[in-house]
Structure formats: structure tokens, C-alpha cells
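Mind the numbering: the sequence shown is residues 0 to 205 in numbering that gives the first Met the number 0, read in order.
Contents: one structure, followed by commentary.
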Amino acid sequence: MDMEELRKQVEILLFASPESLSINAMKRALGEEDTKNIEGILTNLADEYNATKGLFIEKVQGGYQIFTKPEYDYIVKKLRDEERKYTISRAALEVLAIVSVFQPITKPEVESIRGIASDGVVKHLVDIELLKITGRLHAPGRPILYSTTPEFLKYFHLAATEDLKTLYKKYGKEFDLPEKEERDIINEDTVDSNQDESPNGEGHDN
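Below is the structure:
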């Protein structure tokens with residue numbers, strides 16, 4: 000194997016490994032006999048990364064590993080925060096499946112279908128922008144109506160609202176769903192999202 004190809008493969012191993020990688024482990028993976036070749040490549044890569052990249056290579060615990068330079072840690076933190084933001088529980092998937100089929104739908108209607116209180120789940124889904132308030136129902140208490148968002152489509156890799164039943168088939172098929180009815184809806188523009196609903200509508204979160 001020529002040195003340029005070996006260099007590429009060493010770099011790939013460093014990126015692929017979740018922990019420090021010893022030279023012996025690299026030799027076994029690459030079928031390379033010469034320790035000095037790998038050591039030389041690691042030295043060159045470390046110099047290059049330190050000079051030109053937001054990463055650096057360091058020897059730790061008897062091996063080598065790629066790390067983010069401290070001045071760029073904030074970028075990784077933002078990514079991890081975003082990933083945590085989208086932790087979706089089974090309960091949240093059930094709610095999304097129901098809303099995706101019946102939107103716009105009120106929380107009491109979701110709860111009637113699920114057979115369990117869903118206050119916290121719905122609030123979380125609104126907070127992470129997978130559900131949005133789209134109006135109120137002309138009914139006692141004027142309950143808030145919820146629908147899915149473009150972010151919801153993006154998260155589940157759905158091309159359009161026509162694909163929403165895919166989610167229902169996967170996560171909501173255990174429910175006996177009523178027929179969807181035409182309802183008198185108050186436009187979204189008239190809804191104050193900070194206004195509490197009466198006990199006959201949404202009520203308060205616990």
C-alpha cells in the first residue's frame with residue numbers, strides 16, 4: 000500500500016473510532032506491518048490538524064484520538080442540545096400520530112382517543128415546534144386546536160401532509176379512531192396562546 004493511501008485509511012480509522020485507537024489496532028485493521036509508517040502518518044496528521052482544522056489529534060490512554068479544539072466546543076454543544084430537544088417518547092409519538100390524521104384537533108379529543116391525559120406531552124410537542132396552535136373550536140370553553148408543523152414533516156422525513164398516515168400506521172394503529180367531522184373553527188390569528196382555557200376546554204397543565 001502506498002503512503003498516501005495508508006494516510007487516508009489511518010485518518011478514516013481515527014474518525015470512525017469512538018475511543019482512542021492504538022497503533023497495534025491500526026496495524027491489524029490495515030494489514031500494515033511497519034509501525035514507523037503509521038507513527039509518521041500520525042505525526043503529519045497531528046501537525047496538519049493543529050495548523051488548519053478545528054480538530055486536533057492527541058495521544059491518550061495508549062492510543063490516538065481526534066478531538067474538537069476547545070474554542071469550537073460551543074458548536075458541538077449546540078448540536079447536542081438540538082438532539083436532546085428532539086427526544087421523542089412513545090407517548091409523544093402516539094399524540095403526533097393522532098394529530099397527523101385528525102388535525103386540527105383539540106387536546107381533549109386526543110386524550111379521548113388515547114384514553115389518558117396528554118397535557119404535558121402536547122405542551123412539550125408545541126415547545127419543540129412539532130405541533131402548533133392553529134385556532135379554537137367553536138364549542139364550550141373554546142378549546143385550542145393543534146396541527147403538525149413543517150418541522151414535524153422534516154423530522155419524520157415526510158414529503159407532504161399526504162404522507163402523514165404513514166406515521167399513524169406505525170404508532171397509532173392500536174387506537175379505535177372516530178370519524179373525522181367538519182367543525183366550526185376560529186382562525187389562528189384570533190388565538191392568544193398565553194390565554195388559559197376554561198375547565199370545559201383545555202384546562203391547566205399539571
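Just so you know, even glycine gets a beta-carbon here, dropped at the ideal spot from N, CA and C.
It should be emphasised that the depicted structure is a prediction, and the values quoted were computed from it without experimental measurement.
Residue range L54 to V59 is occupied by the beta strand (DSSP E) that includes K58.
For I132, the enclosing beta strand (DSSP E) has its first and last residue at L130 to L136. Pairing E10 with L44, the inter-Cα distance amounts to about 8 Å. The segment 92-100 makes no contact with the segment 60-68; the number of CB pairs closer than 8 Å stays below 3. In this structure, L144 lies near T105, with their beta-carbon atoms less than 8 Å apart. Taking C-beta atoms as the reference points, L41 and Y48 fail to come closer than 8 Å. The residue from H156, M2, S88 and I37 with its alpha-carbon nearest to that of L13 is I37. Around F151, the same chain offers L129 as residues with beta carbons nearer than 6 Å, after the five sequence neighbours per side are excluded. Looking at the backbone, the Cα of I56 and that of N23 are separated by about 17 Å. Scanning its chain for C-beta atoms nearer than 6 Å, with the 5 sequence neighbours on each side dropped, one finds around V120 the residues A90, A91 and V94, in chain order. Residue pairing of Y63 in beta bridges, as defined by DSSP: L20 and K58. Cβ neighbours of L5 within its own chain (closer than 8 Å, five residues either side excluded): L29, E31, N36, I37 and I40. For V59 against S21, the beta-carbon gap comes to about 11 Å, at or over 8 Å, which does not count as contact. Linking R135 to P103 through their CA atoms gives a straight-line distance of about 9 Å.
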